[in-house]
Amino acid sequence: MKNTANPLISVVMPAYNVERYIAVAIRSILNQTFKDFELVIIDDGSTDSTPQIISKCKEIDQRIVALQNDKNLKLGRTLNKGIKAAKGKYIARMDADDISLPDRFGKQVKFMEENPEVGILGGTMVVMGKDGRVISERRYYTRDAEIRKNIFKFSPFCHPAVMIRKTVLEKSGLYDPCYNPVEDYELYFRIGFHAKFANLEDSLLRYRIAAGSMTTRGLREMELKTVDVRKKFFDSGVYKATTTDKIYNLAHLISILVPIIPPKQKIRLFTKVRSCIVKSEPIKV
């Protein structure tokens, strides 16, 4: 086991009322084939037994750093707290209800060490239901040029599967809580000012979703913030927003303001269209 004084990776895991899943999520990190990391877990004011489970796990592995919010701060502020406490060269994101595959960190570190121009690296995610049953697989564009070309269409990374250079985060700035619940999407744009993007073709994470959990209000808020993020960077000079991109964003806004399709059907339609669009060339590690 590595000394946590100077770990190569700091895994940042926010946790809120996830007593059913967090032990499995933690185990998937501790069982990584790559061992040089610390696991920074920030409990965001949970009201269930999540803090107690974190405490028990910390007792058995010195790589766990447990932080506690006095009240619920939401994702952006909680992630920023974890990043500021992190000691690693790389920040690896992880959610407390997902499962990282055993060779995730090994593959990501190898690629990042060999490609110093890349500031953020993601990969394919396997989508599973709340019971752990595999539902589908979501792929992403792998190369910088194609990621930038399509960044105005949809988020280019699986957020809980990304690894980011801490130096790039320091240049870009951390998460902006004003863009909750799409603070990750807004951050990606800023990272692209300072470094290149990449995704591995490999599956790195099992992402858990709860069927029917997206409410009408929640989806509306997420979509409106997504539209705002795109508009913010249309004329940034770093990205090339085409006329098609701007029409797409306007059509998206109209679909929010004049809702015709119910949230569940809208999510299914987006997922289907997205899966038809993404065709990426594998990056070997």
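Start counting the sequence shown at 11; every next residue gets the next number (our numbering).
Heads up, the beta-carbon is just placed ideally off N, CA and C, and yes, glycines get one too.
Considering only the beta carbon of each residue, do residue i and residue j sit closer than 8 angstroms?
{"i": "residue 21", "j": "residue 104", "result": "yes"}
{"i": "residue 86", "j": "residue 17", "result": "no"}
{"i": "residue 110", "j": "residue 39", "result": "yes"}
{"i": "residue 202", "j": "residue 168", "result": "no"}
{"i": "residue 90", "j": "residue 54", "result": "no"}
{"i": "residue 232", "j": "residue 273", "result": "no"}
{"i": "residue 288", "j": "residue 149", "result": "yes"}
{"i": "residue 163", "j": "residue 100", "result": "no"}
{"i": "residue 215", "j": "residue 73", "result": "no"}
{"i": "residue 58", "j": "residue 27", "result": "yes"}
{"i": "residue 189", "j": "residue 166", "result": "no"}
{"i": "residue 239", "j": "residue 280", "result": "no"}
{"i": "residue 77", "j": "residue 102", "result": "no"}
{"i": "residue 237", "j": "residue 204", "result": "no"}
{"i": "residue 206", "j": "residue 127", "result": "yes"}
{"i": "residue 235", "j": "residue 244", "result": "no"}
{"i": "residue 153", "j": "residue 220", "result": "no"}
Tell me whether residue i sits in a helix, a strand or coil according to DSSP, three-state version.
{"i": "residue 48", "result": "strand"}
{"i": "residue 222", "result": "Unreliable placement is indicated for residue 222, whose pLDDT of 48 sits below 50; the coordinate value is still reported in the next sentence. Note: residue 222 maps to coil in three-state DSSP."}
{"i": "residue 29", "result": "coil"}
{"i": "residue 233", "result": "helix"}
{"i": "residue 104", "result": "coil"}
{"i": "residue 99", "result": "coil"}
{"i": "residue 128", "result": "strand"}
{"i": "residue 195", "result": "helix"}
{"i": "residue 206", "result": "strand"}
What does DSSP give as the partner residues of residue i in its beta bridges?
{"i": "residue 24", "result": "52"}
{"i": "residue 74", "result": "49"}
{"i": "residue 217", "result": "137"}
{"i": "residue 109", "result": "216"}
{"i": "residue 39", "result": "Residue 39 pairs with nothing; no bridge assigned."}
{"i": "residue 19", "result": "47 and 100"}
Looking at C-alpha atoms only, which residue of the options is the closest neighbour of residue i?
{"i": "residue 254", "options": "46, 160, 112 and 90", "result": "160"}
{"i": "residue 107", "options": "25, 49 and 81", "result": "25"}
{"i": "residue 212", "options": "118, 43, 70 and 248", "result": "118"}
{"i": "residue 210", "options": "247, 171, 234 and 283", "result": "171"}
{"i": "residue 68", "options": "92, 49, 29 and 81", "result": "49"}
{"i": "residue 230", "options": "277, 266 and 120", "result": "266"}
Report yes or no: is there a C-beta of chain B within less than 8 angstroms of the C-beta of residue i?
{"i": "residue 110", "result": "The structure shown has no chain B; it contains just one protein chain."}
**Q.** alpha helix (DSSP H) segments (min. 4 residues) lying fully within the stretch 237-285
**A.** 253-267
Q. Mind pulling the beta strand (DSSP E) runs of 3 or more residues that sit fully within the stretch 133-183?
A. 144-148 and 173-175
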